[in-house]
Amino acid sequence: MKQSQKIIIVVSFTIISLLVATGLIESARVYGEMRDPFSLPPGVRLLSKGDSAPATKGPLQTSERGPASLSSSPLRVKAILISDHIRLASIDRHIVTVGDSIQGERILEIENDRVILGKGDKKRTLYLFQGAISLRVEEEQGERR
């Protein structure tokens, strides 16, 4: 193969690659703005310093403790998934839905930010663990599921 043919092939490949890449980028912009993968989903926003978080600091009083002391080991809700057809919660390393049991307690309800457990006639609420960043889950009007 001659030197001029190699140069023509390399230049052609480069031009075609640039056209394809530009076309793909433009087509993504035509269908909508580029989505920011680090943005919060709709209905979830950071709590401002003026808002109060539902968690209280310090030990609970014995009168508040009541049903919260049902289980010997503390359970922590890591994630909640709610769709039109199913409600799932990730509690420690278990994925559960309404009606399932975990450590002898039955899952009674799964809400946007909490899971309600029951054992016998006692109930307790586990709130979604939010880590160091405080988030608030808001429902849109008429979106009660």
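FYI, the numbering for the sequence shown is 4 to 148, going by the numbering used here.
C-beta: ideal position from N, C-alpha, C; glycine also.
As the structure is a prediction and not an experimental result, all values here were calculated from the model.
1) Quick check on Leu2: buried or exposed, where buried means 16 or more other Cβ atoms within 10 Å of its Cβ?
2) DSSP three-state call for Ile89: helix, strand or coil?
3) Alpha carbon to alpha carbon, what distance is there between Ser20 and Asp87?
4) Use the C-beta contact count for Val47: other C-beta atoms within 10 angstroms, 16 or more gives buried, fewer gives exposed.
5) Who are the Cβ neighbours of Val101 in its own chain at under 8 Å, not counting the five residues just before and after it?
6) Going by the beta-carbon positions, is the gap between Leu150 and Ile83 smaller than 8 Å?
7) Rounded to whole angstroms, what is the Cα-Cα separation between Phe103 and Gly123?
8) Where DSSP assigns a beta bridge to Leu84, which residues make up the other side?
In this structure, then:
1) No answer is possible for residue 2: the residues shown for the chain start at 4 and end at 148.
2) As a first step, residue 89 is located in the sequence shown; it is residue number 86 there, counting from the start. In this structure, Ile89 counts as coil in the three-state DSSP scheme.
3) Here residue 87 corresponds to residue number 84 of the sequence shown, with the count starting at 1. Here residue 20 corresponds to residue number 17 of the sequence shown, with the count starting at 1. Cα to Cα, the separation comes out at about 43 Å.
4) Within the sequence shown, the letter at position 44 stands for residue 47. That one is exposed.
5) Within the sequence shown, numbered from 1, the residue matching residue 101 stands at position 98. Result list for Val101: Arg90, Ile110, Leu111, Glu112, Ile113, in chain order.
6) Within the shown structure, residues of the chain are numbered from 4 to 148, placing residue 150 beyond reach of any answer.
7) In the sequence shown, residue 103 corresponds to position 100, counting from 1. In the sequence shown, residue 123 corresponds to position 120, counting from 1. At residue 103 the sequence reads Asp, which differs from the Phe that was named. Distance between the alpha carbons of Asp103 and Gly123: 14 Å.
8) Within the sequence shown, the letter at position 81 stands for residue 84. DSSP, once it has assigned bridges, lists Leu91 as partnering Leu84.
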